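Asks:
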């Protein structure tokens, strides 16, 4: 079981309130991702749930019982830190066994659980090495191993992949997702990378300055962002925002259109502009288009085979059905 | 960048310093070795010729040799235990965020800047004096008979004085080591269910391991040669004659330069054994 509820939780450091009253429910077995720009309070929120920081006011409930004043070790949560926080002087085996030794389990049970975790995470060959002798990805797995042997009610991940290189990151992303499928335990995952959020989450919580901007499944956030911030944050490359007369045509203050929802043509279209930079990724090509008279830059996604060069004049046509409309406060107009 | 030419110029420029340092070290060392094989009594006939290993045998077989070795070990060991244990506690205390942290840290380091002779005199006259010392007043305040520290508890007194001098050094090294500990490791241990004492034992202490070895080895080298603290307090009496002090007495009080030099060579060998261990550990630290 691992149902976590935050009820009007706030956090202040001195006079500065970093988290204004906040309510959130995380269902049992859900993979929830906290995402937002750096400094938005997502790590603080995770540390509040873990108990590493005290909340200023409000309640935290885990499985229906109030956990606000319960020390971190007794909350039944396991955390994977950004720096992995492995104990450098202990072997991998001892690192993984540490929480079990602290819980005073008998040696046979400790061995059984450590071997189990090691085989799940492909660490069996490394059990007698020190963390210093492992690669970044292996250290990451040891940190996860140390978390799973405790059989916690929920896992907390604090930007666990940010120290890995791009290829490893994709691999570990899959491993964590598979682990979640297998264990079916609640997981809370903090990241600033919206790609990680979109690919892994059952539920995404978008935060800005300690305030929850929107909660929803990845596709809900992509299709119906509640406001301009979420619209700009979710999706890569970023959504294009257009103000002025063009927006007024759709009776909105601002309209947003994603790069993948604009068609490119050499000859005709609704808008026209000059290509400044074209990024060829092979599968796709991104054009950064200037001089459209709509916004500074319009980003457009086209097929990998389409090739325009710097200085070419091209024509753009947005898909009318997926234009997002926002009012003067940046809120979505349905 | 470094061409043949610039390298030879560099060697030429370094030569004076190297020659000076080498001479500085080699001349006294050679003279000590030279005298240790001679019977040399400046006030009783001067140079009386070569005697082979006679001085070495006499120094070791003297009745004051083993007591001196024991006194040395007790002082070095006692000071090491006190400075390391208190050093760890003080370092953890100073690592806590507190008001006036900068000033407190400077105050803690201050004893290290006091000359050994001065600090020994201050302790002797202002703290340990059986009539007017602060400790005597304290004892009398509680109705106890003051202790004449330097004669009744001579060893304890000297260990106290030397520990007071070396505690700042240990604290400083251990504080920097504690500050380099990743706070996420402590938080991870907290989440793993380790209470504060176990966090200290399983996380902080192993992290300090290398720093503690370095403190022990550096201090050992310096503590083996403490002299001023003994000279101005007990003058080697009441069982406080260390190996260093014995050598001093052989050369200056008994005016037997040969015998003292032989003792000096023993001291050099002892210090070098410690130094080899120190360099290995420091070297390993620099590699890691």
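Residue numbers (my numbering), protein chains in the order written: chain A, 1 to 334; chain B, 1001 to 1288. Even for Gly, the Cβ is constructed at its ideal location relative to N, Cα and C. Predicted model only: the values in this text are computed from it and were never measured.
1. Which whole-angstrom value describes the C-beta separation of residue 300 (chain A) and residue 274 (chain A), a residue pair presumed to lie in contact below a C-beta threshold of 8 Å?
2. Within the same chain, show all residues whose beta-carbon is closer than 6 Å to that of residue 284 (chain A), passing over the 5 residues directly before and after it, in chain order.
3. Per DSSP, which one or two residues make a beta bridge with residue 1046 (chain B)?
4. Please state if the CB of residue 1091 (chain B) and the CB of residue 1178 (chain B) are separated by a distance shorter than 8 Å.
5. Compare the C-beta of residue 1191 (chain B) against all C-beta atoms of chain A and say whether one is closer than 8 Å.
6. Quick check for students: name the residue ranges of the beta strand (DSSP E) that lie wholly in the segment 146–177 of chain A, counting only runs of 3 or more.
7. Can you give, in chain order, each stretch of the alpha helix (DSSP H) that sits fully within the segment 1184–1218 of chain B and has at least 4 residues?
8. Run through DSSP, which three-state label would residue 5 (chain A) get?
9. Compare the C-alpha of residue 24 (chain A) against each of A:13, A:221, A:46, A:39 and name the closest.
10. Quick check on this structure: which residue in A:28, A:31, A:209, A:83 has the alpha carbon closest to the alpha carbon of residue 44 (chain A)?
11. Out of B:1236, B:1280, B:1260, which has the shortest C-alpha to C-alpha gap to residue 1039 (chain B)?
12. Do you know how far the Cα of residue 276 (chain A) is from the Cα of residue 288 (chain A)?
13. Residues in the segment 1033–1053 of chain B with C-beta within 7 Å of chain A's C-beta atoms, listed in sequence order?
14. 8 Å is my cut-off, CB to CB: does residue 89 (chain A) come that close to chain B?
15. State the start and end residues of the unbroken alpha helix (DSSP H) segment that holds residue 249 (chain A).
16. Give me whichever residues DSSP pairs with residue 17 (chain A) in a beta bridge.
17. Nearest CA to the CA of residue 1171 (chain B): which residue from B:1026, B:1069, B:1192, B:1081?
18. Answer with yes or no whether the minimum CB distance from residue 1281 (chain B) to chain A is below 8 Å.
19. Going by CA-CA distance only, name the one from A:333, A:12, A:140 that's closest to residue 122 (chain A).
20. Would a check of beta-carbon distances place residue 1177 (chain B) closer than 8 Å to chain A?
21. Since residue 383 (chain A) and residue 326 (chain A) are thought to touch, with beta carbons under 8 Å apart, how far apart are those beta carbons, to the nearest angstrom?
22. Classify residue 227 (chain A) as helix, strand or coil using the three-state DSSP reduction.
23. Taking the alpha-carbon positions, what's the residue 1288 (chain B) to residue 79 (chain A) distance?
24. Would the beta-carbon of residue 1192 (chain B) be found less than 7 Å away from any heavy atom of the ligand NAD?
25. State yes or no: is the beta carbon of residue 1101 (chain B) nearer than 8 Å to at least one beta carbon in chain A?
26. Whole angstroms is fine: what's the gap from residue 219 (chain A)'s alpha carbon to residue 206 (chain A)'s?
Replies: Taking the geometry as given:
1. By 1-based counting over the first chain, the position of residue 300 (chain A) is 300. By 1-based counting over the first chain, the position of residue 274 (chain A) is 274. The pair is not a contact, with the Cβ atoms about 12 Å apart (cut-off 8 Å).
2. The residue given as residue 284 (chain A) occupies position 284 in the first chain. Cβ within range, chain order: 301, 304.
3. Here residue 1046 (chain B) refers to the residue found at position 46 of the second chain. In DSSP, residue 1046 (chain B) forms a bridge with B:1041.
4. The residue given as residue 1178 (chain B) occupies position 178 in the second chain. The residue given as residue 1091 (chain B) occupies position 91 in the second chain. Closer than 8 Å, so yes.
5. Residue mapping note: residue 1191 (chain B) aligns to position 191 of the second chain, counting from 1. It does: the Cβ of residue 1191 (chain B) has a partner Cβ on chain A nearer than 8 Å.
6. 154–158
7. 1196–1199
8. Taking the first chain and counting its residues from 1, the one referred to as residue 5 (chain A) is at position 5. Reduced to three states, the DSSP call for residue 5 (chain A) is strand.
9. As a position in the first chain, residue 24 (chain A) is number 24, starting the count at 1. The shortest C-alpha separation from residue 24 (chain A) is found at A:46.
10. As a first step, residue 44 (chain A) must be located in the first chain, where it is residue number 44. The option with the nearest alpha carbon to residue 44 (chain A) is A:209.
11. Taking the second chain and counting its residues from 1, one reaches residue 1039 (chain B) at position 39. Residue 1039 (chain B) has its Cα closest to that of B:1260, out of B:1236, B:1280, B:1260.
12. On the first chain, position 288 is the one that residue 288 (chain A) refers to. On the first chain, position 276 is the one that residue 276 (chain A) refers to. Rounded to whole angstroms, residue 288 (chain A) to residue 276 (chain A) spans 6 Å at the Cα level.
13. none
14. Here residue 89 (chain A) is taken as the residue at index 89 of the first chain, counted from 1. Chain B contact via Cβ: present.
15. As a working note, residue 249 (chain A) is residue 249 in the first chain. Where residue 249 (chain A) is concerned, the enclosing alpha helix (DSSP H) stretches over 245–249.
16. Position 17 of the first chain holds residue 17 (chain A). A:12.
17. Reading the second chain from its first residue, position 171 is the one you call residue 1171 (chain B). The candidate whose alpha carbon is nearest that of residue 1171 (chain B) is B:1081.
18. What you label residue 1281 (chain B) is simply residue 281 of the second chain in a count that begins at 1. Output row for residue 1281 (chain B): interface = no.
19. What you label residue 122 (chain A) is simply residue 122 of the first chain in a count that begins at 1. If we check each option's Cα against that of residue 122 (chain A), A:140 comes out closest.
20. As a working mapping, residue 1177 (chain B) is identified with position 177 in the second chain. No, because no Cβ of chain A sits closer than 8 Å to the Cβ of residue 1177 (chain B).
21. Absent from the model: residue 383 (chain A). The displayed extent of chain A is 1 to 334, so no value can be given.
22. On the first chain, position 227 is the one that residue 227 (chain A) refers to. Residue state, collapsed to three classes: strand.
23. Walking along the second chain from the start, residue 1288 (chain B) turns up at place 288. Walking along the first chain from the start, residue 79 (chain A) turns up at place 79. Because residue 1288 (chain B) carries a pLDDT of 49, less than 50, the predicted location of this residue cannot be relied on, and the following value inherits that uncertainty. Using only the alpha carbons, I get a separation of about 28 Å.
24. The ligand NAD is not among the ligands present in this structure, which contains no ligands whatsoever.
25. Against the second chain, residue 1101 (chain B) aligns to sequence position 101. Residue 1101 (chain B) does not count as touching chain A.
26. Here residue 219 (chain A) is taken as the residue at index 219 of the first chain, counted from 1. Here residue 206 (chain A) is taken as the residue at index 206 of the first chain, counted from 1. Approximately 13 Å, taken between the alpha carbons.
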